[in-house]
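Please read the structure below before turning to the comments.
In UniProt numbering, the protein residues as written are 1 to 666.
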């Protein structure tokens with residue numbers, strides 16, 4: 001039987017320090033456990049010692065079986081163990097519920113029909129279940145690769161028998177581009193994945209290739225290590241930036257909250273916005289002026305910044321202060337900055353400096369950015385605003401910066417644009433146009449191409465634009481600062497072209513589109529409104545009821561999946577290209593595996609600014625509906641046979657779902 005959650009609840013009550021202690025006790029980062037759940041919600045535990053941390057991790061791993069990174073057969077076996085109540089078999093009703101939990105969204109009858117093919121006895125035994133799972137998740141291209149490398153003839157019927165020696169596997173790793181692969185590393189992998197007789201089995205090789213931990217297309221070292229030079233002037237970096245950071249939803253009536261600041265800071269964002277206004281009770285507040293958005297106290301926001309500003313990254317945090325305060329409450333705000341943040345605030349600008357400070361020399365510092373204000377606050381502002389009308393003024397100081405709406409940006413095709421010269425020495429912040437009242441986002445790639453350092457987006461809307469932003473800043477250890485490409489640093493637009501070939505093999509565990517899908521919150525709305533297709537998708541969902549594919553189950557709102565993949569290269573003008581596969585030519589009976597086997601070639605002139613976006617769509621008679629996607633910066637992509645973990649349209653991981661690809665540098 002599935003264990004009850006009582007031990008976890010007891011741990012919450014008995015072993016967590018009281019919440020007030022977070023502000024009064026010095027806690028190491030290792031003793032704060034953050035559980036992210038739902039749509040970006042977080043639950044934080046301040047634990048007494050490392051033993052309690054390990055205990056929590058044990059219970060979480062035991063009671064929450066899904067692990068989105070390591071997709072191995074053990075996960076499937078755990079599903080059976082949890083649903084079978086310790087028995088060696090289960091009835092088809094229980095088995096149907098299990099497959100629904102495994103993210104299969106077809107009808108119960110459809111599942112039962114396929115279960116009957118697996119076991120005609122009317123019950124699903126562990127043996128017939130294992131055979132069924134192997135059939136459902138087999139990637140033929142992996143079986144063929146395994147046999148080619150080993151000179152064997154392994155199949156799913158004997159996939160547990162080892163044929164691949166450590167030397168053969170080590171040679172394969174080096175073919176993959178793992179130049180530093182060693183015999184010890186190969187041995188560690190052998191110990192982590194199924195093998196027999198000292199040789200890696202087809203099961204083990206498959207699990208390795210489909211593991212998001214060991215074989216992700218995104219180079220894990222670039223995601224975890226700060227490997228770039230952090231000693232250059234701040235204008236030489238892209239800086240992870242947020243717009244109207246206090247809002248949880250839309251720009252007109254949305255809730256302002258401390259939780260939203262906390263969520264944003266924990267992502268590693270290094271520039272947040274504070275719109276400060278005179279409060280009705282004589283103390284300053286933060287809100288979106290002239291709207292019905294709610295209000296929060298500046299003192300509470302500053303305490304949140306102090307508590308969470310540097311938990312994820314040590315590099316400086318810029319506070320973009322939109323100051324609407326009158327002199328009296330501005331004085332209170334200045335006092336709050338001194339009392340709460342104190343020495344964390346970077347000292348005023350030194351007029352003798354010729355360049356901006358580096359991220360390295362301003363670690364753990366809060367940098368104030370602001371526009372017009374009274375002398376009281378002006379003394380604290382390190383990054384004052386100054387207009388830029390197309391020509392860099394000779395007397396412009398390195399710390400003077402400008403903010404521009406997305407609509408005021410020039411076309412990056414014009415290489416003689418003064419914006420390139422400006423961003424080579426000075427900071428430029430861009431923000432969404434005023435018409436985006438629903439908190440949608442603009443594409444960040446355009447301002448990045450111009451060299452804009454602070455491309456501020458609405459973090460509360462997890463749309464494709466925000467996902468591009470998130471994945472772009474996952475590079476360099478997700479520290480919030482990313483070095484600009486060489487051609488922008490040198491203001492030299494001589495291309496440094498690379499050619500890359502991408503083969504799309506297959507996708508697993510795709511979520512089926514449902515006819516009764518609805519937009520229930522602004523977060524989902526932001527994703528669903530991609531390119532203004534809300535109305536089209538609504539038509540699709542309604543129209544599919546009448547024109548559903550043959551064999552679509554009736555009454556449960558699902559349709560037969562008909563998937564295809566688009567591979568889009570984002571980047572500088574001329575590098576942006578989209579390719580599209582045909583619809584999947586074959587699927588297994590459950591529709592959980594789709595295969596394409598199509599290859600696309602790209603020539604990228606400025607690879608450091610390129611991102612590869614993989615998207616999977618369901619094609620219906622009426623339209624096309626996005627099912628899953630992911631994005632990888634080209635500079636972070638590894639060559640060889642790799643796996644791309646898939647996210648749903650709300651940018652949350654789809655359990656056990658991935659895309660298997662091959663990337664070749666030419």
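Beta carbons: idealized from backbone N, C-alpha and C, even for Gly.
Within the DSSP bridge table, the entry for residue 199 names 196 as partners. In the three-state reduction of the DSSP assignment, residue 569 falls in the strand class. Residue 170: member of the alpha helix (DSSP H) spanning 166-175, first to last residue. Per the DSSP secondary-structure output, residue 629 pairs in a beta bridge with 615, 647.
Inclusion of residue 432 and residue 605 in the CB contact set at 8 Å is not warranted, their separation being larger than that value.
With respect to residue 599, residue 580 sits apart: the two C-beta atoms are not nearer than 8 Å.
When DSSP assignments are scanned along the region 431-504, the uninterrupted stretches of alpha helix (DSSP H) that are 4 or more residues long and fall wholly within it turn out to be 445-450, 464-472, 486-489. Taking 8 Å as the cut-off, the Cβ atoms of residue 483 and residue 454 do not count as close. DSSP places residue 349 in the coil class of the three-state scheme, outside both helix and strand. Shown here, residue 263 sits in a helix according to DSSP, grouped into three states.
Excluding the 5 residues flanking it on each side, residue 128 has same chain C-beta neighbours closer than 6 Å at 118, 119, in chain order. Shown here for residue 597: same chain residues with a beta carbon closer than 7 Å to its own, the five before and five after excluded, namely 505 in chain order. Under the three-pair Cβ rule at 8 Å, the region 471-487 does not count as touching the region 277-291. In its chain, beyond the 5 residues on either side, 246, 258, 261, 274, 286 have a beta carbon closer than 8 Å to the beta carbon of residue 301.
Comparing alpha carbon positions, the residue from 165, 153, 628 closest to residue 464 is 628. Residue burial is scored here from C-beta neighbours: residue 132 has at least 16 other C-beta atoms within 10 angstroms and is therefore classed as buried. Residues of the same chain with a CB within less than 6 Å of the CB of residue 459, apart from the 5 flanking positions on each side, are 242, 264 in chain order. Residue 318 sits away from residue 266, with the two beta carbons spaced by 8 Å or more. Of 380, 184, 234, 424, the smallest CA-CA separation from residue 488 is found for 424. Straight across, the Cα-Cα distance linking residue 377 with residue 254 is about 29 Å. Less than 8 Å divides the Cβ of residue 315 from the Cβ of residue 359. Take residue 437, set aside five residues on each side of it, and the residues of its chain with a beta-carbon closer than 7 Å to its own are 250, 251, 252, in chain order. Around the Cβ of residue 412, a 10 Å sphere holds 16 or more other Cβ atoms; the residue is buried. Between residue 172 and residue 197, the alpha-carbon positions lie close to 19 Å from each other. Straight across, the Cα-Cα distance linking residue 240 with residue 335 is about 28 Å. Restricting attention to 625, 661, 326, the CA atom closest to the CA of residue 642 is found in 661. Minimum Cα-Cα distance from residue 364 among the listed residues 270, 296, 623 corresponds to 270.
In this structure, DSSP gives residue 605 a state outside helix and strand, which the three-state scheme calls coil. Under DSSP, the beta-bridge partners assigned to residue 580 are 566. Collapsing the DSSP output to three states places residue 637 in a strand. Of the other Cβ atoms in all chains shown, 16 or more fall within 10 Å of the Cβ of residue 236; this residue is therefore buried. Of the residues 651, 666, 645, the one whose Cα lies closest to the Cα of residue 211 is 645. The region 217-226 and the region 625-639 touch, with three or more beta-carbon pairs separated by less than 8 Å. Residue 148 sits exposed, since fewer than 16 C-beta atoms from the chains shown fall within 10 Å of its C-beta. Counting C-beta atoms within 10 angstroms of its own C-beta, residue 57 has fewer than 16 neighbours from the protein chains shown and is therefore classed as exposed.
A direct Cα-Cα distance of roughly 26 Å separates residue 291 from residue 443.
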